[in-house]
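A short write-up of the structure that comes next.
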Amino acid sequence: MVALQGITLDVGAGEIVALVGDNGAGKSTVVNCVAGVHPPTSGQILVEDEPVRFTGPLDARRLGIDVVFQDLALASAQPVYMNMFLGRELVTGPLRRLDRGAMVVQTQTLLEELDVRIDDPRQAVRELSGGQRQGVAIARAAHWAQRVVVMDEPTAAMGVAETERVEELIRRMRDRGRAILLVSHSLDQVFRLADRVCVLRRGTQVGIRRTRETTGDEVVAMITGLRK
Amino acid sequence: MISRRYFVYVAFLALLAFFAITLHDDGFLSQTNLLNIVRQTTPVTVMAVAVVFVLSAGEIDLSLGAVVALSALVTADVMQDHGAVLGVAAGLGVGMGVGAVNGGLVAVLRLPSFLVTLASMGVVAGLARTITDLRSVAVEDRGFIDIFGSGDVGPVPGLAFWALGAVALGQFGFRHRRFGAHVLAVGDNRAAARATGIRVDRVKFAVLVISGTAAALAGILYTGRVQGASYTLGEQDLLTVIAAVVIGGTRLFGGQGSVIGALVGSLIMGMLTNGLILSGLSSSEQLVAQGLLLLLAITLTARPEGDPI
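Protein chains in written order, with numbering that gives the first Met the number 0: chain Y, 0 to 227; chain E, 0 to 308.
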């Protein structure tokens, strides 16, 4: 029994591709394969036409692929700037001391560029609102992902206003030339953001459509198996 | 209202003022007594610095006290035939070894540190009793005693330098190195740490090795101070060390810690013991007081940061 089979999916620079499907369709497995969390047992992942093999998340990150996980993967008691550089902290001097000053400044700049409104990057993440936390996770991915950003349900359980802000952030990342793979349950969001939509059902790929050339009804039919 | 971050300093000053007033006639504030507090506190401070790393990583080391006794006995025993250098190396080796076994079981087999160190506490305490048949071992090496226990530098006890050295090293590693940041991240959100490429298992292994080594050093310092080793050394230290660390602002459940806070916390525990002795309380009553203080500290640390006390 395999979790996924027959998936052929490409995402280009400056493009948003949505991945949709019912619970258990295999969306998270695709995310975990691309993120290096679960290396695929067969098949290939190509980055700029070169086959790559990930043994862990670090391999994916080295190739410029970063993930915004559904739970955001933030350390809530740590300051925003430390979360931004988690696992890749800046150091300075012969003793390789943490360069907190530089991390604070770079975080401030990045948050301003992406219009994520946080008073002070030294604030602990737990002091932020849900939207601000999402902003931090996305800004982190935008900062480190040179090629691909994978986003797993980036606006789940968010209010309307916060969802709008996060979607604006996603558009900004696309405009910066990142390839974005977006997992979402919200078809409205998929049609607002994505250039193409890939539908999964029970671990197989049902089809890929350009969002301009399909309808919500057709995508729902593909998700539920009423149309192949 | 005071933030939890500053609680330890306020508590320190309040306790100092309380004993200074109530025990004024018993010489609490005399130089001899204050230096005595420093001497008695040093092994606890050394362990407290290490335990800041352990608790901040979301782990715990219950084998500390047992390692103190075993490493002290091994140091004293080896020293008798092979000299102080080998004795100290053997003692530290014991601590490092126990820490490595604890760390290996936690990191590789993914066993909970609470259970692993509870088990190793029993094994190590049993070994400490076995290797010398419950006998104490005297130490007569003058150089060892001067460096690790009874020596003074001018008016300052040599032990104070061990405490300051441990705090300086701990503060540098915890606050200024990537390792400290990774320890906090692992204790705060293990899955997030793993997802961002932090080697969670290595961090867990390292903090338990640090803890074992610090407990061994504490055992060696006790050996120097009392000029001998016994299986009873460090018996009460687990409670004292954890109380000192938690009072100092380190969160029992990980993600937050303070080395300077642990230093002040251990001074509070030292002052408390000293003050209670001067007040004429028995050792059993001192234990009750320490336990109550730990309970207070845990009550406070369980609250979310930012909540005023």
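Backbone N, C-alpha and C fix where the C-beta goes; we use that ideal spot for every residue, glycine too.
Taking the continuous beta strand (DSSP E) assigned at residue i, which residues delimit it?
i        : result
MET150/Y : 147–151
LEU199/Y : 195–200
GLN204/Y : 203–209
According to DSSP, simplified to helix, strand and coil, what is residue i?
i        : result
THR91/Y  : strand
LEU180/Y : strand
ALA155/Y : coil
ARG4/Y   : The question names Arg, but residue 4/Y is Gln in the sequence shown. In this structure, GLN4/Y counts as strand in the three-state DSSP scheme.
ASP151/E : strand
ALA137/E : strand
LEU294/E : helix
ALA123/Y : strand
LEU251/E : coil
ARG96/Y  : strand
ASP24/E  : helix
ASP306/E : Caution applies to ASP306/E, whose pLDDT of 47 falls short of 50 and renders its modelled position unreliable; the value that the coordinates give is listed next. Correct three-state label for ASP306/E: coil.
GLY233/E : coil
ARG116/Y : coil
ARG175/Y : coil
SER282/E : helix
LEU108/E : coil
Which residues in chain E sit within 7 Å of residue i, going by Cβ to Cβ distance?
i       : result
VAL90/Y : ARG177
Along chain Y, in chain order, which residues have C-beta atoms closer than 7 Å to that of residue i?
i        : result
GLN255/E : ALA76
LEU251/E : Under the 7 Å cutoff, chain Y gives no residues; its nearest Cβ is about 13 Å from LEU251/E.
ALA180/E : MET81, GLU88 and LEU97
Considering only residues of the same chain and omitting the five flanking positions on each side of residue i, which have a CB-CB separation below 6 Å?
i        : result
ALA217/E : PRO42, VAL45, MET46 and VAL67
THR91/Y  : ASP98
GLY94/E  : VAL66, SER70, GLY211, THR212, ALA214 and ALA215
So residue i is in the alpha helix (DSSP H); what residue range does that whole segment cover?
i        : result
ASN273/E : 258–277
LEU164/E : Before going on, a small fix: residue 164/E reads as Gly here, not Leu. GLY164/E -> alpha helix (DSSP H) spans 157–174.
SER112/E : 112–130
ASP216/Y : 215–223
ARG261/Y : Summary: the structure shown does not reach residue 261/Y, with chain Y confined to residues 0 through 227, and so no result is reported for it.
VAL189/Y : 186–192
Output, in chain order, the set of chain A residues within a Cβ distance shorter than 7 Å of residue i.
i        : result
GLY196/E : The question asks about chain A, but that chain is absent: this structure's protein chains are Y and E.
Give the residues of chain Y in contact with residue i, contact being defined as C-beta atoms less than 9 Å apart.
i        : result
ALA190/E : PHE68, ASP70 and ALA72
LEU158/E : Ordered by position in chain Y, no residue passes the 9 Å Cβ test against LEU158/E, which lies about 27 Å from the chain.
LEU183/E : ALA74, ALA76, GLN77 and MET81
Give the residues of chain Y in contact with residue i, contact being defined as C-beta atoms less than 8 Å apart.
i        : result
ASP187/E : ALA74, SER75, ALA76 and GLN77
ALA165/E : Chain Y residues near ALA165/E: none, gap ~18 Å exceeds 8 Å.
Within a Cβ cutoff of 8 Å, which residues of the same chain sit near residue i, ignoring the five residues on either side of it in sequence?
i        : result
ASP151/E : GLY157
LEU220/E : THR41, PRO42, VAL45, PHE147, GLY148, LEU158 and TRP161
ILE117/Y : VAL79, LEU110, LEU127, GLN131, GLY134 and VAL135
Any heavy atom of the ligand FAD closer than 7 Å to the Cβ of residue i?
i        : result
GLY142/E : Absence of the ligand FAD from the depicted structure is noted, as is the absence of any ligand whatsoever, leaving it without description.
Enumerate in chain order the residues of its own chain whose CB-to-CB distance from residue i is below 7 Å, with the five nearest sequence positions on each side excluded.
i        : result
VAL97/E  : SER62, VAL66, SER119, VAL123 and GLY211
VAL202/E : ALA56, HIS181, VAL182 and VAL185
PRO39/Y  : CYS32
Q: May I have a chain-ordered list of the alpha helix (DSSP H) segments no shorter than 4 residues that lie completely inside the region 7–86 of chain Y?
A: 26–33, 56–61 and 79–83
Q) At which residue ranges does the region 41–86 of chain E contain complete alpha helix (DSSP H) runs of 4 or more residues, listed in the order of the chain? A) none
Q: Write down every uninterrupted run of the beta strand (DSSP E) in the region 168–227 of chain E whose length is 3 residues or greater and which is fully enclosed by it, in chain order.
A: none
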